[in-house]
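Peer 1: Got a structure for you, written out below as structure tokens; questions coming shortly.
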Amino acid sequence: MRATLLYGAGDVRVETVPDARIVESTDAVITVTNACICGSDLWPYKSMEPSEVGRPIGHEAVGVVEAVGADVRTLKIGDVVVMPFAYSDGSCVFCHEGLHTSCLHGGFFGNADVGGAQAEAQRVPQADGTLFVLPVGKADALMPSLLTLSDVMGTGHHAAVAARVGPGKTVAVVGDGAVGLCGVIAAKRLGAEQIIIMGRHADRITLAKEFGATDVVSERGAEAVEQVKKLTDGYGVHAVLECVGLDQSMETAIGVARPGGAVGRVGVPQGETMPASQTAFYENVTVSGGPAPARAYIEELLPDILDGLIEPGRVFDRIAGFDDVPDGYRAMDEREAIKVMVEP
Ligand SMILES: [Zn+2]
């Protein structure tokens with residue numbers, strides 16, 4: 012089968028690799044009908060040390076169940092499914108608490124162990140717990156939005172939940188990538204009154220406004236903090252969605268939070284220590300978040316997609332066949348594309 016491998020910074024290759032296959036009796040194999048490139052894939056794309064063997068990449072997919080192991084109970088061949096970016100058994104203590112990313116038998120896609128989803132097929136461990144059967148056909152027009160349940164929509168929602176967004180709250184979203192844009196959708200969906208998008212790319216800001224952003228702040232650093240305070244009677248916002256992961260974005264996120272407010276962070280932190288710790292302390296700002304338990308949120312978010320109430324699939328502004336995947340990475344890295352959907 013064809014699969015995408017990362018060989019080092021800027022070195023994405025699509026190659027023929029051994030077919031995905033059942034290894035454990037709890038596995039399934041899916042034919043990938045749609046995958047995508049994630050903002051988090053851009054971190055290794057920018058920084059990975061050269062590798063002789065390459066690393067399989069991709070962790071977001073919708074697909075069709077092609078094979079199941081002997082102990083798979085709830086799935087059948089032909090089911091159309093969404094695959095969250097982490098696999099989980101659905102039955103351990105943390106899965107029962109809705110924290111599937113900490114599953115005792117779980118792990119992440121996009122590595123040598125389980126393979127990556129920017130491929131023709133994907134091996135899925137803990138298939139019963141991981142895969143969610145969709146009530147539509149594989150060519151459904153809603154598929155781009157359904158694909159976002161594998162990561163970006165669940166992640167934007169997680170940021171909003173961690174930031175305690177609710178009716179009447181003021182919200183700032185740090186970062187105008189696909190996750191930030193889904194964070195705007197999530198904040199609006201949870202009843203936020205004011206949603207400030209913090210970003211500087213015209214196409215993304217336009218989409219953010221269509222998703223429900225009420226204000227735009229394009230400055231950075233101290234100037235950005237000042238602008239957000241101006242928009243909120245000088246106080247700052249109740250809830251901040253940190254969707255970048257850099258020290259500067261976290262510093263801004265804590266800086267724009269109102270005393271007693273909360274920051275929900277979903278950008279993969281690129282530093283070991285948390286910036287602005289003293290500001291967070293003295294202003295009683297809660298900092299929460301982490302990898303989103305996307306599997307836990309599908310039941311809640313799916314009906315709104317099926318009913319057309321939210322359209323997170325609009326974050327995809329480019330479709331790539333396999334041959335175009337390397338250029339898709341370049342386009343996302345250079346901010347020429349918001350998010351690239353891969354159609355194997
Ligand atoms: Zn579990």
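The sequence shown: position 342 = 353 (my numbering), numbered continuously.
Cβ atoms here follow ideal geometry from the backbone N, Cα and C, with glycine treated the same way.
Does the count of Cβ pairs from the segment 260-269 and the segment 284-297 closer than 8 angstroms reach three?
Peer 2: Contact holds: three or more Cβ-Cβ distances are below 8 angstroms.
Peer 1: If contacts are defined as beta-carbon pairs under 8 angstroms, then HIS232 and VAL195 qualify, I think. What distance do you get, rounded to the angstrom?
Peer 2: In the sequence as presented, His is not what sits at residue 232; that position holds Gly. That belief does not hold up - the Cβ atoms of GLY232 and VAL195 are roughly 22 angstroms apart, past 8 angstroms.
Peer 1: In this structure, does DSSP put THR166 in helix, strand or coil?
Peer 2: The answer is helix: DSSP assigns THR166 an H, G or I state.
Peer 1: According to DSSP, simplified to helix, strand and coil, what is THR85?
Peer 2: In the structure shown, THR85 sits in coil (DSSP, three-state: anything other than H, G, I, E or B).
Peer 1: Would you mind reading off the limits of the alpha helix (DSSP H) that contains MET261?
Peer 2: Unbroken alpha helix (DSSP H) run through MET261: 258-267.
Peer 1: Mind checking who VAL182 pairs with in its DSSP beta bridge?
Peer 2: BP columns for VAL182 point to ILE206, ALA250.
Peer 1: Can you list the residues near ligand 1, meaning Cβ strictly closer than 7 angstroms to any non-hydrogen atom, in the order they appear in the chain?
Peer 2: Those residues, listed in chain order, are SER99, ASP100, GLY101, SER102, CYS103, PHE105, CYS106, HIS111, CYS114, LEU115, HIS116, GLY117, GLY140.
Peer 1: Please give the ranges of any alpha helix (DSSP H) in the segment 268-346, keeping only runs that are unbroken, at least 4 residues long and fully inside the region.
Peer 2: The segment 268-346 contains these whole alpha helix (DSSP H) runs: 288-293, 305-317, 336-344.
Peer 1: In the DSSP assignment, find the unbroken beta strand (DSSP E) run with LEU201 in it and report its ends.
Peer 2: Element bounds for LEU201: n/a, residue is neither H nor E.
Peer 1: Suppose you measure from the CA of LYS78 to the CA of LEU153; what does that come to, to the nearest Å?
Peer 2: Per the sequence shown, the amino acid found at residue 78 is Ala instead of Lys. About 25 angstroms.
Peer 1: In angstroms with no decimal places, state the Cα-to-Cα distance between VAL298 and VAL75.
Peer 2: Going from the Cα of VAL298 to the Cα of VAL75 covers about 38 angstroms.
Peer 1: Less than 6 angstroms between C-beta atoms, sequence neighbours within five positions excluded: which residues of the same chain meet that for VAL163?
Peer 2: Answer for VAL163: ALA189, VAL190, CYS193, listed in chain order.
Peer 1: DSSP three-state call for ASP52: helix, strand or coil?
Peer 2: Looking at ASP52 - three-state DSSP - the assignment turns out to be helix.
Peer 1: So, is LYS350 buried or exposed, given that buried needs 16 or more other C-beta atoms within 10 angstroms?
Peer 2: With 16 or more other Cβ atoms within 10 Å, it is buried.
Peer 1: By DSSP's criteria, ALA46 is part of a beta bridge. Which residues make up the other side?
Peer 2: Looking at the DSSP assignment, ALA46 forms a beta bridge with ALA72, VAL353.
Peer 1: Let's see if you can read the secondary structure: which residues bound the alpha helix (DSSP H) around GLY140?
Peer 2: Where GLY140 is concerned, the enclosing alpha helix (DSSP H) stretches over 138-141.
Peer 1: Do GLY19 and ALA170 come within 9 angstroms of each other at the CB atom, strictly closer than that value?
Peer 2: Not in contact: ALA170 and GLY19 (Cβ atoms no closer than 9 angstroms).
Peer 1: How would you call SER99, buried or exposed, if buried means at least 16 neighbouring beta carbons within 10 angstroms?
Peer 2: Buried, because 16 or more other Cβ atoms sit within 10 Å of the Cβ of SER99.
Peer 1: By the DSSP assignment, the beta strand (DSSP E) with THR27 in it spans what residues?
Peer 2: Note, THR27: beta strand (DSSP E), 22-27.
Peer 1: So the beta strand (DSSP E) ARG13 belongs to, where does it begin and stop?
Peer 2: Per DSSP, ARG13 belongs to the beta strand (DSSP E) from 13-19.
Peer 1: Do THR181 and ILE208 count as a contact pair if the criterion is CB distance below 9 angstroms?
Peer 2: In this structure, THR181 does not lie closer than 9 angstroms to ILE208 by Cβ.
Peer 1: How big is the Cα-Cα spacing for ASP151 and VAL104?
Peer 2: Cα-Cα distance, rounded: 35 angstroms.
Peer 1: Does DSSP classify GLY118 as helix, strand or coil?
Peer 2: GLY118: strand per DSSP, three-state reduction.
Peer 1: Would you kindly work out how many angstroms separate the C-alpha atoms of THR15 and THR42, rounded to a whole number?
Peer 2: The straight-line gap from Cα to Cα measures roughly 15 angstroms.
Peer 1: In the DSSP assignment, find the alpha helix (DSSP H) that holds ALA219 and state where it starts and stops.
Peer 2: It spans 213-222 - the alpha helix (DSSP H) in which ALA219 sits, taken as one unbroken run.
Peer 1: Hey, out of VAL135, ALA331, ILE88, whose CA is closest to ALA97's CA?
Peer 2: Cα-wise, what sits closest to ALA97 is VAL135.
Peer 1: Please report how far the alpha carbon of PHE292 lies from the alpha carbon of THR27, in whole angstroms.
Peer 2: Going by the C-alpha atoms only, they are around 52 angstroms apart.
Peer 1: Using the rule of at least 16 other Cβ atoms within 10 Å of the residue's Cβ for burial, across every protein chain shown, is ALA81 buried or exposed?
Peer 2: The residue is exposed, with fewer than 16 neighbouring Cβ atoms inside 10 Å.
Peer 1: Give the range of the alpha helix (DSSP H) segment to which MET154 is assigned.
Peer 2: Its alpha helix (DSSP H) spans residues 154-158.
Peer 1: Could you give the DSSP three-state label for GLY402: helix, strand or coil?
Peer 2: The displayed coordinates of the chain run from 12 to 355. Any statement about residue 402 would go beyond what the structure contains.
Peer 1: Three Cβ pairs or more, each shorter than 8 angstroms: is that satisfied between the segment 136-143 and the segment 270-283?
Peer 2: Contact between the segment 136-143 and the segment 270-283 is absent, because fewer than three Cβ pairs lie under 8 angstroms.
Peer 1: Which of the three DSSP states is assigned to ALA233 in this structure?
Peer 2: In the structure shown, ALA233 sits in a helix (DSSP, three-state: H, G or I).
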